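Going by my numbering, the first residue of the sequence shown is number 2, and it counts up by one from there. The next block holds one structure in the form of structure tokens; read it before the comments.
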Amino acid sequence: MGGSEDRLDLPSNILRKIRNAKSASVLTGAGVSAESGIPTFRGAGGIWEKYDFTKLATPQGFKEDPRLVWEWYQLRQKEIKKAKPNAAHITIVDMEDHFPRFSVLTQNIDGMHSRAGSRNVVELHGSIWRMRCERDGLMIQDDDPVTEIPPMCQCGSILRPDVVWFGEQLSPDVVDEASRVANESEVMFVVGTSAVVYPAAALPAITKNAGGLVIEINLEPTDITSYADASLFGPAGEMLPALWNAAVRIPKAL
Ligand code: BV8
């Protein structure tokens with residue numbers, strides 16, 4: 002049984018396009034952090050199998066029970082704090098050093114790309130390490146889990162996680178930046194996302210429609226698979242390093 006390199010049945014013209022691209026991006030979902038031990042939302046053992054997202058990841062749920070929501074985020078903060086970036090996060094840092102223009106577009110709020118060393122990270126859905134006051138706009142960044150549940154603002158309001166919940170709009174600036182990146186990407190790698198949550202899931206189609214390559218890495222097919230130029234099925238921590246080795250190692254002359 003060969004390693005993941007053997008599962009890399011990528012034609013050399015695709016590998017060459019990847020290596021020679023001047024602008025590239027990666028869209029990541031919870032699957033890129035799975036091998037760091039951070040649970041995904043869907044699929045076996047997923048968060049939504051245990052928790053009701055309407056109670057924990059919507060503004061209504063927070064309004065009804067801010068304490069319950071903060072207990073859930075504090076639990077996730079503690080899990081994430083213990084986690085380490087994995088080989089997929091590290092490979093994405095190497096990619097950023099290779100391409101003249103490169104952006105990480107992540108749906109994840111765990112901060113793992115920045116911890117791995119990625120510099121140009123667009124957090125589409127916010128960050129678990131930031132909280133804000135909806136009354137006076139106070140924003141607090143803290144790399145440690147909250148200690149007070151719920152955390153209070155000096156104005157007396159309850160602080161909320163600075164994340165985008167279901168039914169909430171993404172920041173227009175973030176949407177503009179992500180759409181611009183997708184439109185300009187000669188290659189977009191789509192790693193570890195079920196591609197069911199919009200508008201993030203629409204980004205690879207923007208790259209495709211603009212004539213860019215879409216390369217998917219996942220354990221199983223998604224809606225992206227139908228139009229991706231290549232889909233590599235296997236763990237991101239194995240497939241992404243194997244893909245990257247093959248792309249940058251391919252002889253320049255060919
Ligand atoms: C909005 C932050 C509009 C919080 C999250 C059409 C257009 C626009 C909106 C909608 C629409 N249809 C429906 C909507 C509403 C909704 C939506 O998309 N719902 C879905 C469920 C149908 N979208 C929204 O509400 C968005 N807002 O559009 O507002 C609007 C307009 C006007 C006025 C008001 C509003 C906001 C969505 C953001 C929600 N916030 N997270 C938090 O994290 O606590 S979503 C959360 O779930 C993530 O951020 C992520 O986006 C999503 C999960 O997706 P994934 O990251 O892909 O994770 P998942 O577990 O699903 O999949 C993991 C994948 O990895 C799997 O495929 C698995 O096979 C793979 N995998 C596992 N292990 C590995 C692996 N792959 C490789 N290697 C491994 N080892």
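For each residue, glycine too, the CB sits at the ideal point set by N, CA and C. These numbers were taken from a predicted model, which means no experiment stands behind them.
Whole-Å CB distance - residue i paired with residue j, under 8 Å assumed
i    : j    : result
L89  : G238 : Residue identity check: residue 89 is Ala in the sequence provided, not Leu. That belief holds up - the Cβ atoms of A89 and G238 are roughly 5 Å apart, short of 8 Å.
A247 : L76  : Actually they are not in contact, since the Cβ atoms of A247 and L76 sit about 39 Å apart, beyond 8 Å.
V94  : G118 : 4 Å
I91  : G112 : At roughly 15 Å, the Cβ-Cβ gap does not stay under 8 Å, so I91 and G112 are not in contact.
S328 : M189 : Residue 328 falls outside the range modelled here, since the chain spans only 2 to 255, and no answer is possible.
S232 : T208 : Actually they are not in contact, since the Cβ atoms of S232 and T208 sit about 15 Å apart, beyond 8 Å.
P205 : L28  : 6 Å
G44  : T55  : Actually they are not in contact, since the Cβ atoms of G44 and T55 sit about 20 Å apart, beyond 8 Å.
G300 : P60  : With the chain covering 2 to 255 only, the question about residue 300 has no answer from this structure.
DSSP bridge partner residues for residue i (one or two, in chain order)
i    : result
L69  : Partner(s): none; L69 has no beta bridge.
V176 : The partner list for V176 (beta bridge, DSSP) is empty, contrary to what the question assumes.
L214 : V188
L233 : I218
D224 : For D224, which the question treats as bridged, DSSP gives no partner whatsoever.
V164 : G127
M240 : DSSP, once it has assigned bridges, lists no residue as partnering M240.
R133 : M140 and R161
Nearest candidate by alpha-carbon position, reference residue i, set the options
i    : options                   : result
R136 : G118, Q155, E221 and P242 : Q155
H257 : I81, D143 and M132        : Only positions 2 to 255 of the chain appear in the structure, and residue 257 is not among them; the question remains open.
G127 : I159, W166, N121 and G157 : W166
R68  : N14, R133, E149 and V27   : E149
A201 : M240, R181 and F54        : R181
L171 : K79, E65 and Q108         : Q108
G157 : D66, R133 and D144        : R133
R161 : E178, A179 and Q142       : Q142
V198 : I225, L220, D177 and N210 : I225
N121 : R131, D144 and F103       : F103
Proximity test, Cβ basis, 9 Å: residue i and chain C
i    : result
N109 : Of the protein chains in this structure there is only one, and it is not chain C.
Cut-off 6 Å between Cβ atoms - residues of its own chain near residue i, not counting five sequence neighbours on either side
i    : result
F229 : Reading the sequence as shown, one finds Ala at residue 229 and not Phe. These residues qualify, in order along the chain: V215 and E217.
R116 : P86
F42  : A31, I48 and W49
A211 : N184
L57  : V70 and W73
K79  : P146
Neighbourhood of residue i by C-beta distance below 8 Å, restricted to the same chain and skipping five residues each side
i    : result
V175 : V123, E124 and L125
K18  : E187, V188 and L214
G3   : Confidence at G3 is low in this model, with a pLDDT of 47, below 50, so the placement of that residue is unreliable and no value is reported for it.
E36  : N87, A88, A89, P236, A237 and G238
P101 : K23 and S24
Close Cβ partners of residue i (< 7 Å) along its chain, the five nearest in sequence each way excluded
i    : result
V259 : As shown, the chain starts at 2 and ends at 255. That puts residue 259 outside it, with no answer to give.
Checklist entry - Enumerated in chain order, which unbroken segments of the beta strand (DSSP E) with a length of 3 residues or greater are wholly contained in the segment 58 to 125? => result Fully enclosed beta strand (DSSP E) runs of 3 or longer: 102 to 107 and 122 to 124.
Checklist entry - Taking only runs of the alpha helix (DSSP H) that begin and end inside the segment 20 to 54, which ones reach a length of at least 4 residues, in chain order? => result Whole alpha helix (DSSP H) segments, 4+ residues: 48 to 51.
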